[in-house]
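Down below is the structure, laid out as structure tokens.
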Amino acid sequence: MIPFRFALGAAFVAVSTTMAAADCAEHLALMDEVLDQASRESIAASSGGQGVAGAREARAMTGTEAPGNDGTATDTPPDEPQPTQAPGHAPVAEAGDRVQTLRAKVDEARALAGQDEAACRETLVTGLRELLSGEEEQPGS
Amino acid sequence: MAALENVSRRAVLLGLGAGALVLSLGLPSLAQEPEEPLKFGADAMPNGWRDDPRIFISIDPDGTVTVTVHRSEMGQGVRTSIAMAIADELEADWNRVRVAQAQADEPTFGNQDTDGSRSLRHFFEPMRRAGAAARLMLREAAADEWSVPVEEVVAENHVLSHAASGKQAGYGDMAARAAEGEVPARETLVLKSPDRFRYIGREDVGLIDNPGIVTGTAIYGMDAKAEGMLFAVVARPPVVGGRAVSHDAEAAMKVPGVQRVVMIDPPPQPSEFQPLGGVAVIATNTWAAMRGRDALNIRWEDGPHGTYDSEAFKAELEQAARSTDGTVVRNQGDALAALQTAQRRVEAEYYIPHLAQAPMEAPAALAMIRDGRCEVWACVQAPQVTRVRIAEKLGLPPEAVTVNVTLLGGGFGRKSKPDFAIEAALLSREMDGAPVKVVWTRDDDLHHSFYHTVSVERLEARLDDSGRPVAWLHRTAAPTIGSIFAPDPMQKLPFELGMGLTNMPLDIPNVRAENPKAQAHTRIGWYRSVSNIPHAFAIQSFIAELAHEAGRDHRDYLLDVIGPARKIDPTELGDVWNYGEDPARYPVDTGRLRRVIETVTEAAGWGRDMPARRALGLAAHYSFVSYVAVVAEVEVDETGEVRIPVAHIAIDCGPHVNPDRIRSQMEGAVIMGSGQALMSQITFAQGRAQQNNFDSYPVPRMDTAPREIHVHLVGGEDYGQPLGGVGEPGLPPVTPAIINAIFAATGQRIRRLPVGNQLSS
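Protein chains in written order, with UniProt numbering: chain H, 1 to 141; chain W, 1 to 761.
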């Protein structure tokens, strides 16, 4: 299992380097598989409780860590999810908001498929590029 | 697939292949990691779950069974329900079962955060297994004692017996021997079939804490006592992020009984669950502490949120909800294009104010420090978080902090945040470890809550010729809970959006959901059912508005818009939370949603003739993996006064472990939801919450509560089905059902909560 950012990178390579040759529908199918897996991983990282979900997602979205005793960051607060998942899982799980955003972009591209293949592919590439550039801005990524 | 031959779909997923391009991304090392199955729900919780009977069950020589419950009891009956699950599999006599409350210790007990409507969802099966394991251990002990095969030993209703020899023993007789035995492997346990349940699923078990509650012997946070205990109240900054710049400690010290005045530093922002800071007055009794606080004459510096004003912020949220620059969080079809060409277009905006959880028991905690250890008694929903945060504050290891969890006089999410317990620990330290109880007054509670967010929900739809929606746009603008955890994320988190927005299951071809930015100016926290409240209110109100526009019966229209029974993978809707549950095991099942609507409307006599200014209103909502529908019967008199003579509520939450408690939770939800609809709100001016007590923050009382509440339990026969939540899902559809009924009765559409005096003009 690989972190979402790498899946995104690989997907970007796949979509952008084969733009002219493939139907957009094939690219969409590829993206659906990436997103299905990433969505499931994001769900799995949740405890189902609003406390842990809120802390995890907020810190992931802003690239911050938990406040410690004196306001400094601590690496792993004891009340946070323990690493019950496979190694390499956590970075994928933290990408819930990005998965959600990319899903919306993929669905936007889906609406174009069959009508304007180039626009469909361009929408996918743009969405991936935006997310990847956002990834680069994330501290520690 | 020729074009993708260099990067197969699978390869992208696993990071394999793709040659040099992928090598440059550094994937090969990750590809070495073995793929492991994902865990969901209970399996994926922090510290997971436990089912070792030695943790949860003890049996005295006299046969008394004590079940240790690690979830917090706040009226939802979890201490009873967990004991029922264990006692049933243990084959214990319910009259000989007692419960004890676990201290904070997640490494031992598993997750203890009592939130998310998941205590039974996550622990029903582990607790059954613990009971079954203990029963087998007792049988093995008896077989050993009697030198007979274990298969021939029967455990039934607290008695072990061997038919062939006629031998019998009580559980207490074999308990010590059983405790020495091995705990049977989980996979060897055989759980009872539902037709053999003694307690699970029965309506008449009762609440195990009832005797203590009705006789006044039950211990809540406010009841905790210790010898030599001092009492403290805290004057907290009236504006979040503010601080005291001066105060008159001398004046406070002149009040007889006041022992000490202590400054508590305001926390850095975001403050998570840390105390707000302020000035504490410690005294020999609560009254003296309160009078001392009154004398402090504090001058406050308000900080950046000193201009927070609810009316101005409402306008800001409306502006945000009308803007097109929000993040797109769901985009199915092309809603924008469809809306642009609409002949029949409907739009509406809904406003949902801040709310305070306002549990009947305000926050209270007692702490003392002795010999390098801190001991706390507190009414907390999150004991382990309480333990860890206190340990951090005191510079102790978590193991040196003991958190005793009392009963909670209501929680609703407020008591998930242990700021009040941290205050007690800090003040005890100031008093050289003496026991200090921090008492919050009702004013304190309403002024310094972790409030339910405030939101504007904007919806637009295009209707086809039949009046059915073919395009749907929903923008939600609200400060996020994430603002207490990170530097103001400005947008709702995926778990908030997954509460009825992104996972909205209506059968509409073009759906778009957007989330514009909104800044938090106070502490935002979770409140029973969380973001489902605004989402359900807006969506269920809007559907009623569309039905009216289409000239169709609301019930028929709602069922039409939900569409045929189908199971939807929530991830395909863009939901990346799904209440933490496996999307395959917990799809969004529109058939179950339809069934609760059909049940509740039939029970309420939907469609019958009603007197003038009296009508039925309907709403339904899926949340916490359960399905709920409500019909409210409302009458509105000529002065605009609203009464709710009858309400019907139907829930499908999977198996009904404790039906009496499900009914109780639904009844409570109807009452709480009627308060949200008609009377409750927190407003801010100059950064300060304006409501002081129940005079200005009214909640339903006996004269205003719905007079009859009929609960209908749907499904529940199949124990092979996964459990849904119960504590929270009843609430979201109540308010829109009432508002829809008001419209049906008066023709006035309420889009701003609460109703207040909007009908009297």
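Heads up, the beta-carbon is just placed ideally off N, CA and C, and yes, glycines get one too.
Practice prompt. Note down, one range per segment and in chain order, each alpha helix (DSSP H) of at least 4 residues found wholly within the region 193 to 281 of chain W.
Written response: Here the runs fully enclosed are 210 to 215, 249 to 253.
Worksheet entry | Same chain only: Cβ atoms within 6 Å of W:L23, ignoring 5 sequence neighbours per side | Since pLDDT at W:L23 reaches only 27, below the 50 mark, its modelled position is unreliable, and the value read off the structure follows with that caveat. Result list for W:L23: empty, nothing under 6 Å.
Worksheet item: From W:E140, W:V97, W:P611, W:E73, pick the residue whose C-alpha is nearest to that of residue 772 of chain W; which is it?
Response: The structure shown does not extend to residue 772 of chain W, since chain W spans only 1 to 761, so no value can be given for it.
Worksheet entry | Given 8 Å, three or more beta-carbon pairs between the region 445 to 463 of chain W and the region 391 to 402 of chain W | The region 445 to 463 of chain W, when compared against the region 391 to 402 of chain W, does not touch it at the 8 Å Cβ threshold.
Practice prompt. Specify, as a first and last residue, the run of the beta strand (DSSP E) that W:A300 falls within.
Written response: For the sequence presented, residue 300 of chain W should be read as Trp rather than Ala. Start and end: 299 to 301.
Worksheet entry | Chain-order list of residues whose beta-carbon lies under 6 Å from that of W:T735 (same chain, five-residue window excluded) | So the list reads F537, G673, Q676, A677, once near-sequence residues are dropped.
Item to complete: Output, in sequence order along the chain, the residues in the region 575 to 598 of chain W whose CB is closer than 8 Å to any CB in chain H.
Response: Residues are counted here when their Cβ sits less than 8 Å from a Cβ of chain H; for the region 575 to 598 of chain W these are D575, V576, W577, N578, Y579, G580, E581, D582, P583, given in chain order.
Discussion item. Does W:R139 pass the burial test, meaning 16 or more other C-beta atoms within 10 Å, or should it be called exposed?
Written reply: Under this definition W:R139 is a buried residue.
Worksheet item: Which first and last residues belong to the beta strand (DSSP E) in which W:V438 is found?
Response: For W:V438, the uninterrupted beta strand (DSSP E) run begins and ends at 436 to 439, by DSSP.
Worksheet item: Within the 8 Å Cβ cut-off, does W:I481 reach chain H?
Response: The beta carbon of W:I481 falls within 8 Å of a beta carbon belonging to chain H, placing the residue at that interface.
Worksheet item: Along chain H, which residues have their Cβ under 7 Å away from the Cβ of W:D334?
Response: Simply A111.
Item to complete: Would you please verify whether the beta carbon of H:V99 is less than 8 Å from any beta carbon of chain W?
Response: For H:V99, the answer is yes, since a Cβ of chain W falls inside 8 Å of its Cβ.
Fill in: Cβ shell of W:I200 (< 7 Å), same chain only, five flanking positions each side left out
Contacts found: M84, A85, D88, V657.
Worksheet item: Shorter than 8 Å from the beta carbon of H:D107 to some beta carbon of chain W?
Response: Yes - at least one Cβ of chain W is within 8 Å of the one on H:D107.
Worksheet entry | Within chain H, partners of W:G41 - CB distance below 7 Å | Listed along chain H are G48, each with a C-beta nearer than 7 Å to that of W:G41.
Worksheet item: Is DSSP giving W:V454 helix, strand or coil here?
Response: Correct three-state label for W:V454: coil.
Worksheet entry | Beta carbon of W:D575 nearer than 8 Å to that of W:N503 | The answer is yes: Cβ separation under 8 Å.
Worksheet item: To the nearest angstrom, how far is it from the Cα of W:P211 to the Cα of W:R595?
Response: Taking C-alpha positions only, W:P211 is separated from W:R595 by approximately 37 Å.
Discussion item. Determine, for W:F450, whether the minimum Cβ-Cβ distance to residues of chain H falls below 8 Å.
Written reply: The C-beta of W:F450 comes no closer than 8 Å to any C-beta of chain H.
Worksheet item: Based on Cα-Cα distance, which residue from W:D302, W:L366, W:P398, W:I484 lies nearest to H:Q50?
Response: Residue W:I484 is the option with its Cα nearest to H:Q50.
Worksheet entry | Delimiting residues of the alpha helix (DSSP H) encompassing H:E57 | Its alpha helix (DSSP H) spans residues 50 to 62.
Worksheet item: How should H:G68 be labelled, buried or exposed, when 16 other C-beta atoms within 10 angstroms of its C-beta is the threshold for buried?
Response: Bear in mind that a pLDDT of 40 at H:G68, under 50, signals an unreliable position, so the model cannot answer this.
Practice prompt. Just the C-alpha distance for W:R330 and H:A111, rounded to the nearest angstrom, thanks.
Written response: Rounded to whole angstroms, W:R330 to H:A111 spans 13 Å at the Cα level.
Worksheet item: Which term fits W:S117, buried or exposed, when burial requires 16 or more other beta carbons within 10 angstroms of its beta carbon?
Response: Label assigned to W:S117: buried.
Practice prompt. May I ask you to list, following chain order, the residues of the region 362 to 391 of chain W that have a beta carbon less than 7 Å from some beta carbon of chain H?
Written response: Those residues of the region 362 to 391 of chain W that come within reach of chain H (Cβ to Cβ, closer than 7 Å) are A382, Q384, V385, V388.
Discussion item. Please list the terminal residues of the continuous beta strand (DSSP E) segment that includes W:Y557.
Written reply: Where W:Y557 is concerned, there is no enclosing beta strand (DSSP E), although the alpha helix (DSSP H) it sits in stretches over 554 to 562.
Practice prompt. Check each candidate in W:V279, W:A218, W:T215, W:P53 and name the one with the smallest Cα separation from W:S246.
Written response: A check of alpha carbon separations from W:S246 across W:V279, W:A218, W:T215, W:P53 identifies W:V279 as the nearest.
Practice prompt. Please decide whether H:V52 counts as near chain W, where near means a Cβ-Cβ distance under 8 Å.
Written response: Yes, because at least one Cβ of chain W sits closer than 8 Å to the Cβ of H:V52.
Worksheet item: Should W:R592 go down as buried or exposed, given a rule of 16 or more other Cβ atoms within 10 Å for buried?
Response: Buried: at least 16 other Cβ atoms inside 10 Å.
Worksheet item: Hey, is H:E137's beta-carbon within less than 8 Å of any beta-carbon in chain W?
Response: Confidence at H:E137 is low in this model, with a pLDDT of 47, below 50, so the placement of that residue should be treated as unreliable; the coordinate-derived value is given next. For H:E137, no CB of chain W lies under 8 Å from its own CB, so it is not counted at the interface with that chain.
Fill in: Close Cβ partners of W:K417 (< 7 Å) along its chain, the five nearest in sequence each way excluded
Cβ neighbours of W:K417 beyond the five flanking positions: F273, F450, G525.
Worksheet entry | Cβ-based burial, W:A620 [other Cβ within 10 Å; buried from 16] | That one is buried.
Item to complete: Would you list the one or two residues that DSSP bridges to W:M368?
Response: Assignment of beta-bridge partners to W:M368 by DSSP yields W:E375.
Fill in: Cβ-Cβ separation, W:W300 to W:G242 (assumed contact under 8 Å), whole Å
Correct: roughly 5 Å between the Cβ atoms.
Worksheet item: Counting only beta-carbon atoms, is W:L558 nearer than 8 Å to chain H?
Response: No, because no Cβ of chain H sits closer than 8 Å to the Cβ of W:L558.
Practice prompt. Return helix, strand or coil for W:P469, following the three-state DSSP convention.
Written response: W:P469: strand per DSSP, three-state reduction.
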